[in-house]
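Residue numbers (the numbering used here): 1066 to 1244.
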């Protein structure tokens, strides 16, 4: 009896440790119209914990983003139904708080800088970012986005607490003036 309790406790601790050390499955929406490029990306990322889903048009991607949450969008800026910065802007304004990495054939550094200044996590050039760089960029982008969300939640909680303290202080002043 004692031995089986110890074994169960060991298995629970082991399971918790394995879960803690196993990377979370990240949902990635690949927005890419070129079948060859999409297939190359899927092959490059096949040994990861990423759940990669593809949209071949911006309209399809926006619909998917309204329907379900994603951790990250890998976005090509040259799509049949949208081109350039506007493509990024439309994804950025879509529902959800997913990270966005641009993965384009264009080495336009001004466009890359502009999109990063407006919220993209990275701007990678197709064929120049190997699998290791791509995986690292995805993981870092998701973690930065999560950290930003947590910081925003803390800021809101702090703002609410400050408002509560201000109300309490005003009430204390009113009571003090009454005496």
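Backbone N, C-alpha and C define an ideal beta-carbon position, used for all residues, glycine too.
Tell me which residue opens and which closes the beta strand (DSSP E) that residue i is part of.
i: residue 1153; result: Per DSSP, residue 1153 belongs to no beta strand (DSSP E); it is in the alpha helix (DSSP H), 1150 to 1157.
i: residue 1137; result: 1137 to 1140
Look at residue i and residue j and say whether their C-beta atoms are less than 8 angstroms apart.
i: residue 1118; j: residue 1094; result: yes
i: residue 1189; j: residue 1110; result: no
i: residue 1155; j: residue 1105; result: no
i: residue 1140; j: residue 1096; result: yes
i: residue 1186; j: residue 1209; result: yes
i: residue 1127; j: residue 1161; result: no
i: residue 1191; j: residue 1102; result: yes
i: residue 1153; j: residue 1092; result: no
i: residue 1090; j: residue 1116; result: yes
Measuring alpha carbon to alpha carbon, tell me which of the options ends up nearest residue i.
i: residue 1207; options: 1195, 1220 and 1164; result: 1164
i: residue 1179; options: 1202, 1155 and 1150; result: 1150
i: residue 1166; options: 1197, 1177, 1172 and 1134; result: 1177
i: residue 1125; options: 1169, 1102, 1108 and 1098; result: 1098
i: residue 1120; options: 1100, 1114 and 1113; result: 1100
i: residue 1195; options: 1076, 1107 and 1234; result: 1107
i: residue 1113; options: 1075, 1204, 1172 and 1174; result: 1204
i: residue 1132; options: 1147, 1145, 1159 and 1144; result: 1159
i: residue 1214; options: 1237, 1074, 1147 and 1184; result: 1184
i: residue 1168; options: 1220, 1202 and 1242; result: 1202
In the DSSP output, which residue or residues are listed as bridge partners for residue i?
i: residue 1092; result: 1116
i: residue 1143; result: 1148
i: residue 1164; result: 1137
i: residue 1071; result: BP columns for residue 1071 are empty, so no partner.
In terms of residue numbering, what span does the alpha helix (DSSP H) encompassing residue i cover?
i: residue 1197; result: 1196 to 1243
i: residue 1175; result: 1174 to 1182
- Enumerate, from N- to C-terminal direction, the unbroken alpha helix (DSSP H) stretches of 4 or more residues contained entirely within the region 1094 to 1133. Taking only runs of at least 4 residues, the alpha helix (DSSP H) segments lying wholly in the region 1094 to 1133 are 1100 to 1109 and 1123 to 1132.
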